[in-house]
Amino acid sequence: MATTTYSRHPVSYGSHQKALPVTLPPSGKGPIYTQPISRVADAPEFSDSSTSYSSSGRSGGSFSVRSGSSYAGSHSGTDYESHYSRSGIDVVEELSERMNSAFDPLRMDKSLAKQAQTSGELNAKQRELQELQAMAQRRLGRARVNFAEGVEAAKEARRDIEYTSKKISSMKSKAEKKHPEAYAKASRSRHA
Numbered sequence: 001m002a003t004t005t006y007s008r009h010p011v012s013y014g015s016h017q018k019a020l021p022v023t024l025p026p027s028g029k030g031p032i033y034t035q036p037i038s039r040v041a042d043a044p045e046f047s048d049s050s051t052s053y054s055s056s057g058r059s060g061g062s063f064s065v066r067s068g069s070s071y072a073g074s075h076s077g078t079d080y081e082s083h084y085s086r087s088g089i090d091v092v093e094e095l096s097e098r099m100n101s102a103f104d105p106l107r108m109d110k111s112l113a114k115q116a117q118t119s120g121e122l123n124a125k126q127r128e129l130q131e132l133q134a135m136a137q138r139r140l141g142r143a144r145v146n147f148a149e150g151v152e153a154a155k156e157a158r159r160d161i162e163y164t165s166k167k168i169s170s171m172k173s174k175a176e177k178k179h180p181e182a183y184a185k186a187s188r189s190r191h192a
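The UniProt record's numbering applies: residue 1 is where the sequence shown begins, and numbers increase by one.
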């Protein structure tokens, strides 16, 4: 088995870039333009033989690459492009389908309908509370008027009672002065 030893320092691979001119086919009008195309070399691949690395330092480590390992991906660029060009996948359409599958429009519509129904019920209750508040204020106003009228009637009745009491006292004094014997006899019979 062949073994290749590498140093601990990172190995840098230079990217070979070449600008190749591309000649566009003539259209019969105007000059011919050339456009440079840059190509980047692929990452190096290991051979089929195993490759190992070892170090004798304090922080040493080792790695090995077995047969068939490489830095290259499972698909080359042309395979990737040809695969998706053949399938004809539209990115916007794919995202729309995924969004539609993630969000259930029926549940969203039901939620919106429930929200609208709850909002309507809350508005109805608010209007009902406002009407009850206005009714309570009207009743309170009428109660205040009735209370004021009752206070005024009580004052008037008190004045009438005082006037009547004074009138009775005056009549008693006049009757006692005018008919003292009859008044005394009536007083004794009342207290007997």
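From the three backbone atoms N, C-alpha and C, an ideal C-beta is built for every residue, glycine too.
Kindly indicate the opening and closing residues of the alpha helix (DSSP H) around residue i.
i, result
"Phe147", "105-178"
Suppose you measure from the CA of residue i to the CA of residue j; what does that come to, to the nearest Å?
i, j, result
"Glu181", "Ser169", "18 Å"
"Ala184", "Lys166", "21 Å"
"Ile161", "Ala154", "10 Å"
"Ser173", "Leu140", "49 Å"
"Arg142", "Lys110", "48 Å"
"Glu93", "Gln126", "46 Å"
"Glu121", "Asp104", "26 Å"
"Arg188", "Met171", "18 Å"
"Ser95", "Ala102", "The sequence shown places Leu at residue 95, rather than the Ser named in the question. When rounded, the distance between both Cα atoms is 10 Å."
Enumerate in chain order the residues of its own chain whose CB-to-CB distance from residue i is below 8 Å, with the five nearest sequence positions on each side excluded.
i, result
"Gln130", "none"
Identify, in the order they occur along the chain, each residue of the same chain with its Cβ nearer than 6 Å to the Cβ of residue i, setting aside the five sequence neighbours on each side.
i, result
"Tyr80", "Low per-residue confidence applies at Tyr80: pLDDT is 49, beneath 50, and the placement is therefore not dependable, though the value from the model is reported in the following sentence. So the list is empty, once near-sequence residues are dropped."
Only counting the same chain, and skipping five residues up and downstream in sequence, which positions put a Cβ closer than 7 Å to that of residue i?
i, result
"Glu176", "Tyr183"
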